[in-house]
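What follows is one structure encoded as structure tokens, with my remarks underneath.
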Amino acid sequence: MTNSDLQQLSSDFFQNSLDSSPTSAIMRGHKQYFDQIEELSEETFEKETKAVNDFISRLESIDSESLSNREKVTHGMLEFALSSNKDSLMDRSWEFGAGVSGFTGFLIDYNQQMFIPDSESADMLLKRLELYKRLFTQIADVQMIGLKNNRVATERNLLRTIDQLENYLGSPLEEDPLLLVNFSPEISESFIPDWREKAKKIIDSNIRPAVLAYLEQLKSDHIPKGRPDEHSGIMWIDGGEETYLRALRKYTGHKNITVKEVHEVGLSEIERLKKEFFEIGENVFPGVSTPEEVLQKMQTEPSMRYESKEQMLQLAVDTIERAYKPLDQWFTVFPKSPCKVLPVPAESEQHAPPAYYYPPLPDGSRDGTYFLNTYKAETKSIFEAESVAFHEAIPGHHLDRTIAVELQDVPEFQKYVASTAFVEGWGLYSEQLANEMGLYSNDVQQLGRLGNDAWRACRLVLDTGMHGIGWSRDKAIEFFRANSPIEEINAEIETDRYIAWPGQACSYKMGQLKIEELRRKAENELGNNFDIRHFHDEVLCDGGITLPILENKIEAFIAKHQN
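At position 17 of the sequence shown (counting the first as 1) the number is 48 in this note's numbering, and the numbers step up by one without a gap.
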């Protein structure tokens, strides 16, 4: 028997999440939202706050002790999602969003991920384009409120946003990224040119003037007050210390953790990795005498760089194909969707992260896709080829995110709402799991595995250092370069990303450590009854759950298999 109140609340919450974020709804294949776009008005924020508080009251009225184990997961995920939404409405980060936390995705990223199933949806999308003028006017207005309240981005992230907007406005109208939607083969070829002409008129007369006005506001009003490199962290804006602590606890999955504790975990992990770096580094670079020399060689040796964009993409494809082969020895549940490899779109590659993953659509119209940033490929590290592919694709996000989307008999919201500590923790755990699976092809790629692990450990130190302790941007980059093999261009892009997105960088390592801790516990307590396939299935079978929910599940898994 199911709890009808929990079912109804789950349904209502999911509907509200679609209504308040039409872009996400479109990405998930909900056709009725093609003519809508987000609203950033005080009226909308007040309405959302009331809705969240009402949902929380309804959730609190449900007796969680009377629920089945599966319903308890749903209850816990609703609690997590509503708490996160309440924090977001309180933090009002849209008032100072720039760089990766800015709004340029509406121009250069999102449309390229949209699948247009029919001509009716295409016509609806034209109405959405007409709403861009309102959207960018509202963005300018809310960011002016932030500016007046001493809540402004760093100058560097403002400059990143300005650079993206100038590149967008400087692109030929014929090549505008908003035109790069994916039309279904069922749409007649004669329809598409006419649609493009209509879209171009809207872009030229409606969207680009609004974007230009926002760009001019950033230059004239925000840049003069942008935070300097010395004040890179969110702690330097009004209310920033409280905002950061909420973000840190959300992204690490630990409700009571402190800045100091996360910082020290990072330092400890960096120290732990040095011995293994040296042991493998000796094989790759004969004559080195310290871990620091290994890192320096990884950063400077020409042989450690890709030769071309084509080589970069082909290595990713080959690595993923190889990773599929031993999966049935480690899992019994597999994603139905295939995993595609694509370069990051040219319009956003200069400021995008090194790689990322988009899950498939449930109707099969979009495959799971691993995006690889091939910008200046010759400057990127070839030793990361395999570990990044294992993280973003197989056995990483293509398993956890795609299995979540393909889940049956769970409320719809559970397929999409996810704890970042779980998702990114699984990604980093997968890089190490791939080593157990025998997937790394040579010692150079093993160094990449260690380098990425050190990178994630550095994130704990950098993020807490800048946002919670007061580090400058230069100090963060210097620490990053001294303790991981990251190249200079990536160190700058990544550090500016952490500045723009407080707390998120800490999710990877903290999540990985918790999954590893729970696996060791299960192995120790179950002995010969431990089956790694069933452990992994248990971790993944309820979607992107929080770490406390995962811990409860593994406790139950141990109890079940002890008998």
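The C-beta atom is built at its ideal place from N, Cα and C for all residues, glycine as well.
- Only exposed fits P255, as fewer than 16 other CB atoms lie within 10 angstroms of its CB.
- Relative to the Cα of D568, the nearest Cα in the group S124, V364, N198 belongs to V364.
- Residue state for I147 is assigned as strand, using DSSP reduced to three classes.
- Judged by DSSP in its simplified three-state form, R123 adopts coil rather than helix or strand.
- Straight through space, the alpha carbons of L90 and H106 are spaced by roughly 8 Å.
- When rounded, the separation of the alpha-carbon atoms in Q327 and R191 is 28 Å.
- Leaving aside the five residues that flank P393 on each side, the residues in its chain whose CB is nearer than 8 Å to its CB run, in chain order, R59, G60, V436, E437, K446.
- Annotation for K328: the continuous alpha helix (DSSP H) segment containing it runs 322-331.
- When secondary structure is reduced to three states using DSSP, L392 falls in the coil class, being assigned neither helix nor strand.
- The three-state secondary structure of T400, taken from DSSP, is strand.
- With respect to F76, L109 sits apart: the two C-beta atoms are not nearer than 8 Å.
- A straight line joining the alpha-carbon of S320 with that of N116 spans about 50 Å.
- As summarised for the region 47-124, the continuous alpha helix (DSSP H) elements at least 4 residues long and confined to that stretch are 53-58, 73-91, 100-122, given in chain order.
- Taking every protein chain shown into account, the CB of Q38 has fewer than 16 other CB atoms within 10 angstroms, so this residue is exposed.
- Around the C-beta of I517, 16 or more other C-beta atoms lie within 10 Å, and the residue is accordingly described as buried.
- Note on N181: under 16 other CB atoms within 10 angstroms of its CB, so exposed under the neighbour-count rule.
- L276: member of the alpha helix (DSSP H) spanning 271-283, first to last residue.
- A Cβ-Cβ distance of about 38 Å is found for the pair I87 and L157, leaving them out of contact under the 8 Å criterion.
- For L200, same chain residues with a beta-carbon under 8 Å away, outside a window of 5 residues either side, are R239, V242, L243, L246 in chain order.
- With at least 16 other beta carbons inside 10 angstroms of its own, S450 counts as buried.
- Between the region 425-434 and the region 479-498 there are fewer than three C-beta pairs closer than 8 Å, too few to call the two in contact.
- Separation of Q345 and S42 (C-alpha to C-alpha, rounded to the nearest whole angstrom) is 42 Å.
- Only residues of its own chain outside the window of five on either side were considered, and among them R487, A488, L491 have a CB closer than 6 Å to the CB of K540, listed in chain order.
- Note on geometry: alpha-carbon atoms of L544 and N198 lie some 40 Å from one another.
- A Cβ-Cβ distance of about 6 Å is found for the pair A129 and A531, placing them in contact under the 8 Å criterion.
- In this structure, the alpha-carbon of R227 lies about 56 Å from that of E302.
- In chain order, G312, F316 place their CB closer than 8 Å to the CB of E324, counting only its own chain and leaving out the 5 sequence neighbours on each side.
- Just so you know, the alpha carbons of S72 and T168 end up roughly 10 Å apart.
- When only Cα atoms are considered, T400 and D260 end up about 35 Å apart.
- The beta strand (DSSP E) runs of length 3 or more contained entirely in the region 143-213 do not exist; there are none.
- Judged by beta-carbon spacing, H262 lies beyond the 8 Å limit of V183, meaning their Cβ atoms are not closer than that value.
- Just measuring C-alpha positions, the residue of H285, R528, P322 sitting nearest P579 is H285.
- The distance from the Cβ of E126 to that of I176 is about 6 Å, consistent with a contact at the 8 Å cut-off.
- Checking the DSSP bridge columns, you'll see Y387 partnered with F402.
- Judged by DSSP in its simplified three-state form, L470 adopts coil rather than helix or strand.
- The Cβ-Cβ distance between G133 and T185 does not fall below 8 Å.
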